[in-house]
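With the numbering used here, you'll find the first sequence wraps up at 693, consecutive numbering, no jumps.
The next block holds one structure in the form of structure tokens; read it before the comments.
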Amino acid sequence: MLWSKTFIPTLKETPQESESVSHQLMLRAGLIRMLMAGVYSYLPLGLKVLNNIQKIIRQEMQACGAAELLLPALQPRELWVKSGRDEVMGEVMIRFIDRRKRNVCLGPTHEEVITDLVKSQVSSYRQLPTVLYQIQTKFRDEIRPRFGVVRACEFIMKDAYSFDRDEAGLDKNYQAMHKAYHAIFKRCGLDFIGIEADSGVMGGSLSHEFMVPASSGEDIIWRCPKCKQAKPFKEDRKENCPECGTELAKTNTIEIGHIFKLGTKYSDTLGANFLDADGKLKPMIMGCYGIGVSRLVAAVIEQHHDDFGIVWPQEISPYRAIILPLDVTDEKIMGSARAMHEELSACGIEVLLDDRDERAGVKFKDADLLGITAQVIIGKEYVKQNNVELKVRRTQQKTIDKEEAVIAQLKRINDA
RNA sequence: CGGGGCGUGGCUCAGUUUGGCUAGAGCGCUUGGUUUGGGACCAAGAGGUCGACAGUUCAAGUCUGUCCGCCCCGACCA
278 MLWSKTFIPT
288 LKETPQESES
298 VSHQLMLRAG
308 LIRMLMAGVY
318 SYLPLGLKVL
328 NNIQKIIRQE
338 MQACGAAELL
348 LPALQPRELW
358 VKSGRDEVMG
368 EVMIRFIDRR
378 KRNVCLGPTH
388 EEVITDLVKS
398 QVSSYRQLPT
408 VLYQIQTKFR
418 DEIRPRFGVV
428 RACEFIMKDA
438 YSFDRDEAGL
448 DKNYQAMHKA
458 YHAIFKRCGL
468 DFIGIEADSG
478 VMGGSLSHEF
488 MVPASSGEDI
498 IWRCPKCKQA
508 KPFKEDRKEN
518 CPECGTELAK
528 TNTIEIGHIF
538 KLGTKYSDTL
548 GANFLDADGK
558 LKPMIMGCYG
568 IGVSRLVAAV
578 IEQHHDDFGI
588 VWPQEISPYR
598 AIILPLDVTD
608 EKIMGSARAM
618 HEELSACGIE
628 VLLDDRDERA
638 GVKFKDADLL
648 GITAQVIIGK
658 EYVKQNNVEL
668 KVRRTQQKTI
678 DKEEAVIAQL
688 KRINDA
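Structure (structure tokens):
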């Protein structure tokens, strides 16, 4: 991709509309722009990161046997009245009346819709378990949207739902999801904490939250600074670590995922029953599993940045590399840059070529700000010997090598 | 919703305390020239209902009132 053909409006100065690091960097690096409080546009670079995260999620969901589908965001309010959550959701759910005078709402989550769907299509124990998921936009009229994409009124969520014949089946699916979540967050380069939690409005017996330590985090967790194995706590119990006695440390965190054992809460209220082998009608045993996909982007940046900008973890970097020809009027430099761009693109490796007629300093600053994992710098002196520089964003270390060698190295990194 | 802060070209801000002539700066943008390895320099330009409405006044970016928007602290959550 050529820089001139995409849309990456970078900001030299920090916009005053933001206070958290991730929000500032997302604005400065041209990932997002605000339309109104809690509502954001994802620009090409932001969308690329989002897509990379979604790709990881899809792979791990598939690995644990979940099938992808897409449910409507526009829903009949009636379903929510039936489940009893029309009242529970209160002002958070956006409701309105359409031209046919139908009472509708924008889905803040999808337990009702999925249960209604599965109920109408599944009637036998032979069809269970069924595990479905979607990646979709949710609408929540938050009391106070903040930290940019971290608490937004319109955001992207991955939500999965399991339907089982019995508790044992639910246990199995719950464990599989728990494991998948670990895999997803690890691949996103996150340092995270799994913690047992309240089920809240979702209801049900057991739930786990996945928390990412970040200075701007809204949730506080207490954990032992010495032994990481020790169970973390959500409330201030003023206790010392049960393992080693050390005083617990306060950690600000962002919640990026939450999984629940719902049991029969929704199957009961919405009548999702199946006929079991013993000829008896029984309610399906449910679980639901959410990941805040757009919020994950912010969480990753909170953990992966330095004074110069974002430092993307390998797998979610919007591009594998950014090529920086330092003089676009120089035939040799541009020839080399284009050749590299073409060869890597031909191998399916996505690279960004900064073809802007800007001074070297501007390109260096922007490249560091964007945080793409590798930078290929092509300057006048090196290009004479067909050499280019490869800079690793994370370490800022540069190595000089032949063009072909750098291409080969980038291919190796991509395969890894 | 309660508490605090802010609103002036695309971005960052000065000017508001103490009202006064055609509303400023830096960055960005356009044109020309000189530059060219860490956000260059010179020159000439374009770009503004000073958040909105109402009021006070000879005169309002500046004073008063109402409203709107955004940010931060609390309850909610992925």
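Ideal Cβ placement from N, Cα and C applies to all residues, glycine included.
Residue 623 sits exposed, since fewer than 16 C-beta atoms from the chains shown fall within 10 Å of its C-beta. Spanning the alpha carbons of residue 372 and residue 638 requires a straight line of approximately 51 Å. Secondary structure of residue 514 (DSSP, three-state): coil.
Secondary structure at residue 499: strand, using DSSP grouped into helix, strand and coil. Around the beta carbon of residue 521, a 10 Å sphere encloses fewer than 16 other beta carbons of the protein chains shown; the residue is thus reported as exposed. The bridge partners DSSP lists for residue 382 are 352 and 372.
Between residue 457 and residue 337, the C-beta spacing is below 8 Å. Beta-bridge analysis with DSSP links residue 588 to no other residue. Fully contained in the region 530-572 are the following alpha helix (DSSP H) runs of length 4 or more, in chain order: 542-547. Of the residues assessed, residue 495 falls on the exposed side of the cut-off, its CB having fewer than 16 other CB atoms within 10 angstroms. A distance below 8 Å separates the beta carbons of residue 551 and residue 405.
Leaving aside the five residues that flank residue 471 on each side, the residues in its chain whose CB is nearer than 6 Å to its CB run, in chain order, 485 and 487. Restricting attention to 691, 391 and 432, the CA atom closest to the CA of residue 309 is found in 432. Distances from the CA of residue 689 to each of 647, 636, 621 and 657 were compared; the closest alpha carbon is that of 621. For the options 335, 317 and 284, the alpha carbon positioned closest to that of residue 428 is the one of 317. Excluding five sequence positions before and after residue 442, the CB atoms of its chain that fall closer than 6 Å to its own CB belong to 402 and 405, given in chain order.
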